[in-house]
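Take any residue in the sequence shown, note its place counting from 1, add 4, and you have its number in this note's numbering.
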Amino acid sequence: MASRRTHTFSISVDEETRRILKTEADRSFDGNVSALVSAIAKQAKRQASLRALIALLGQPPVTDDERAAFLDELDGAARRKRRSKAA
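As structure tokens, this is what we get:
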């Protein structure tokens, strides 16, 4: 595989975000934060492609609530059930 030219740039994040990024990089990318950032960028590109596909199919964009419910389901969170009032 051909090597890709890399670019160095600086970002500023709060301490909690820095810890999250470092922890995930340690867990999944042998501590390589740059590899984690690349993976995040690739995911963002996939999400943009999915939004374009949804628009091409004439469907309305996914709402924040729908997105949150989907991510909760992926994470195994129990779905909230609405109870109807007894008559």
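C-beta: ideal position from N, C-alpha, C; glycine also.
Unbroken alpha helix (DSSP H) run spanning A52, endpoints: As a first step, residue 52 must be located in the sequence shown, where it is residue number 48. First-last of the alpha helix (DSSP H) with A52: V37 to L60.
Are there 16 or more other CB atoms within 10 angstroms of the CB of L40, so buried, or fewer, so exposed? By one-based count along the sequence shown, residue 40 stands at place 36. Flag for L40 reads buried.
Is D34 helix, strand or coil by DSSP? Counting from 1 along the sequence shown, the entry for residue 34 is found at position 30. In the structure shown, D34 sits in coil (DSSP, three-state: anything other than H, G, I, E or B).
If you follow the alpha helix (DSSP H) that A72 is part of, which residue opens it and which one closes it? Sequence index remark: in the sequence shown, residue 72 carries index 68 (1-based). From DSSP, the alpha helix (DSSP H) with A72 extends over D68 to L78.
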